[in-house]
Amino acid sequence: MDKTVQLQKFNVWANDKVFEHLKTLPSEIYRKETHSVFPSVSAVLIHMYQVDYVWLKAMKGEDFHDIVATLGQLTEELNTASLDEMGLKFKELSRKYDSFISSQKDITSQTTINHPHFGTLQSNYADLIQHVVNHGTYHRGHISAMLNQLGHKGASIDYVFYLYSLQHQ
203 MDKTVQLQKF NVWANDKVFE HLKTLPSEIY RKETHSVFPS VSAVLIHMYQ VDYVWLKAMK
263 GEDFHDIVAT LGQLTEELNT ASLDEMGLKF KELSRKYDSF ISSQKDITSQ TTINHPHFGT
323 LQSNYADLIQ HVVNHGTYHR GHISAMLNQL GHKGASIDYV FYLYSLQHQ
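Just so you know, our numbering puts 299 at position 97 of the sequence shown, and the rest follows in order with no gaps.
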């Protein structure tokens, strides 16, 4: 399996595990205030979704100003979404990532990202998808820490557990 495809599949798997785990916990945990990097688990998931959304649009060649213009309405939708609705939004966005990746003739082909604050980045799609996966991993760690602070364990979502899950399919 192509490494970029595998990383994307890991990202989807890990997000699914987080949502599955959160559904086993008391429902108030999703929006419960914590003293952490983010004020709540829902705030972390909203941030993760927004970043995944922005990067997919950027990789598709959309202008950052146009992308940012859509974030207000998106943020309103995400702020009112239930845990189940957020899970569905993540699944739909994952399908869009899968479609984007499969539509690329060469996932290592170069692209240019023009960001209004950071400037121009010459990169390739594989590296940008790696960034999205790393970003998700980083923030899933925040969720685990926040759940621990609230008296609950986090989901087992290390990459090695994903690899084990592949063997058991």
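For every residue, glycine included, the Cβ atom is placed at its ideal position computed from N, Cα and C.
Exercise for the section: Note down the Cα distance separating TRP215 from HIS267, rounded to an integer number of angstroms. Expected result: For this step, residue 215 is matched to residue 13 along the sequence shown. For this step, residue 267 is matched to residue 65 along the sequence shown. Their Cα atoms are separated by approximately 31 Å.
May I ask which residues mark the beginning and end of the beta strand (DSSP E) holding ILE345?
What you label residue 345 is simply residue 143 of the sequence shown in a count that begins at 1. First-last for ILE345: 327 to 351, but that is the alpha helix (DSSP H), not the beta strand (DSSP E).
Original post:
How long is the line joining the alpha carbons of ALA260 and HIS319, rounded to whole angstroms?
Top reply: Reading the sequence shown from its first residue, position 58 is the one you call residue 260. Reading the sequence shown from its first residue, position 117 is the one you call residue 319. Taking the straight line joining both Cα atoms gives about 14 Å.
Does the segment 212 to 230 come close enough to the segment 352 to 362 that 3 or more CB-CB pairs lie under 8 Å?
yes
One question on the structure: do LEU276 and TYR255 come within less than 9 Å of each other, judged by their Cβ atoms? Here residue 276 is taken as the residue at index 74 of the sequence shown, counted from 1. Here residue 255 is taken as the residue at index 53 of the sequence shown, counted from 1. Yes.
Task: Nearest-angstrom Cα separation, counted from HIS223 out to SER238 - done: For the purposes of this step, residue 238 is identified with residue 36 of the sequence shown, where counting begins at 1. For the purposes of this step, residue 223 is identified with residue 21 of the sequence shown, where counting begins at 1. Taking the straight line from one Cα to the other gives about 20 Å.
*asked:* According to DSSP, is ILE269 part of a helix, a strand, or is it coil?
replied: The count along the sequence shown starts at 1 and reaches residue 269 at position 67. Note: ILE269 maps to helix in three-state DSSP.
The beta strand (DSSP E) enclosing GLN172, as first and last residue numbers: Nothing about residue 172 can be reported from this structure: the residues present for the chain run from 203 to 371 only.
Exercise for the section: Using three-state DSSP, classify LEU323 as helix, strand or coil. Expected result: Along the sequence shown, read from residue 1 onward, the residue named residue 323 stands at position 121. Note: LEU323 maps to strand in three-state DSSP.
Using the rule of at least 16 other Cβ atoms within 10 Å of the residue's Cβ for burial, across every protein chain shown, is SER244 buried or exposed?
-> Taking the sequence shown and counting its residues from 1, the one referred to as residue 244 is at position 42. It is buried - the Cβ of SER244 has at least 16 other Cβ atoms within 10 Å.
- Message: By the three-class DSSP mapping on this structure, what secondary structure does GLU235 have?
- Response: Translated into the one-based positions of the sequence shown, residue 235 becomes position 33. Three-state DSSP puts GLU235 in coil, outside helix and strand.
ask   = By the 10 Å Cβ neighbour count, where 16 or more other Cβ atoms means buried, how is GLN210 classified, buried or exposed?
value = Numbered from 1 along the sequence shown, position 8 holds the residue referred to as residue 210. By the neighbour-count rule (16 or more Cβ atoms within 10 Å), GLN210 is buried.
* Test item: CB-CB of PHE292 and TYR251 under 9 Å -> Locating residue 292 in the sequence shown gives position 90, where the first residue counts as 1. Locating residue 251 in the sequence shown gives position 49, where the first residue counts as 1. Going by C-beta atoms, PHE292 is nearer than 9 Å to TYR251.
For PHE302, which option in GLU235, TRP257, PRO241 and PRO228 has the closest C-alpha, if you only look at C-alpha atoms?
-> Taking the first residue of the sequence shown as 1, we reach residue 302 at position 100. Ranking the options by Cα distance to PHE302, first place goes to TRP257.
Quick one: what does DSSP say ALA357 is sitting in, helix, strand or coil?
Here residue 357 refers to the residue found at position 155 when the sequence shown is read from its first residue. Coil.
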